[in-house]
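Here numbering that gives the first Met the number 0 is used: position 146 in the sequence shown is 145, and no number is missing along the way.
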Amino acid sequence: MSKFSILKFLLPPEEKVFYGLFEQGSEICNSAANLFYDAVHNGYNEERLIEAKDLKHRAVKNAKETIAELNSTFITPIEREDIQFISSQLERMAKKIIKAFFNLRVYKFETHDETVRKQAETLVQATNELKILVAMLKSHGNIKEVSEVSNKIKEIETHGDEILQSALEELFSGKHDALTVIKLKDIYKQLENALDISCCVSDSILNVVYKLS
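As structure tokens, then:
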């Protein structure tokens, strides 16, 4: 029996709370990605703006709760540094997606280019897989299963890099005015940063599983 499996039975309920907080963090990221996707395809309304603000509040609250639990818990299911890193990265990812959402409104784009649409789709895909990965961590999945999902996230992130590279080449082709270039580049980079964070979280979870196997 692996150390991961042993922990499943030995840890008292209050020390398993971190898995639940990770799960909430990944769900917030996924909800933010879906909200952004919805806004890109269907526009804004007051309900979506309220939801975005709520998601940002929930992301911050979840990270704070994790730190509070960490400070009050003597035994943790995984190393304290890993808990703090995963939690902080999930918060960062959610906040970057939400910032991109608000910037779409601030920059007053009436329509959204193909790059933003593609990036929105890749973010939904990445956060879907991230939810699966975090659930595996909670249920103590084996290395093979976790590696497969982690590799899917890397593939999605690589595809996102390709989308960004192509978009930047087109953006700086001289076809756009300077203000449009600044606005679009900012949104592109926010979304790409969020996608990069999904890989960081994925790698961290995979490393945790290796440590405990």
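The C-beta atom is built at its ideal place from N, Cα and C for all residues, glycine as well. If you're wondering where the values come from, they're calculated on a predicted model, not measured in any experiment.
Coil, strand or helix - residue i by DSSP
i	result
Asp202	helix
Asn141	coil
Thr157	helix
Lys210	helix
Asn44	coil
Ser15	In the sequence as displayed, the identity of residue 15 is Lys instead of Ser. Of the three classes helix, strand and coil, the one that applies to Lys15 here is coil, per DSSP.
Gly24	helix
Asp185	helix
Leu6	Legend: pLDDT at Leu6 = 48, less than 50; position of this residue unreliable, value from coordinates given subsequently. Of the three classes helix, strand and coil, the one that applies to Leu6 here is helix, per DSSP.
Ser165	helix
Phe35	helix
Lys174	coil
Asp297	Lying before the first or after the last residue shown, residue 297 is absent from the chain, which here runs from 0 to 212.
Thr114	helix
Thr72	coil
Sequence-distant residues of its chain with Cβ nearer than 8 Å to residue i (five each side left out)
i	result
Leu136	Tyr18, Phe21, Val145, Ile204, Val207, Val208
His259	The requested residue 259 does not occur in the structure, where the chain is confined to residues 0 to 212.
Continuous alpha helix (DSSP H) stretch holding residue i: start and end
i	result
Phe84	79 to 105
Supposed contact pair residue j and residue i - C-beta distance, whole angstroms, cut 8 Å
i	j	result
Glu128	Ile96	The Cβ separation is near 15 Å, so there is no contact.
Leu194	Gly159	4 Å
Glu241	Ser212	Since the first and last residues shown for the chain are 0 and 212, residue 241 lies out of range.
Ser86	Ala125	Not quite, the Cβ-Cβ distance comes to about 18 Å (not below 8 Å), so this is no contact.
Val39	Ala134	About 27 Å separates the two Cβ atoms, so there is no contact after all.
Close Cβ partners of residue i (< 7 Å) along its chain, the five nearest in sequence each way excluded
i	result
Val123	Ala32, Asn33, Tyr36
Arg104	Tyr43
Ile142	Val208, Tyr209, Ser212
Thr114	Ile162, Ala166, Tyr187
Close Cβ partners of residue i (< 6 Å) along its chain, the five nearest in sequence each way excluded
i	result
Gln164	none
Gln23	Asn61
Open item on the list: Pairs of beta-carbons, one from the segment 27 to 37 and one from the segment 63 to 80, closer than 8 Å: are there three or more?
Closed with: no
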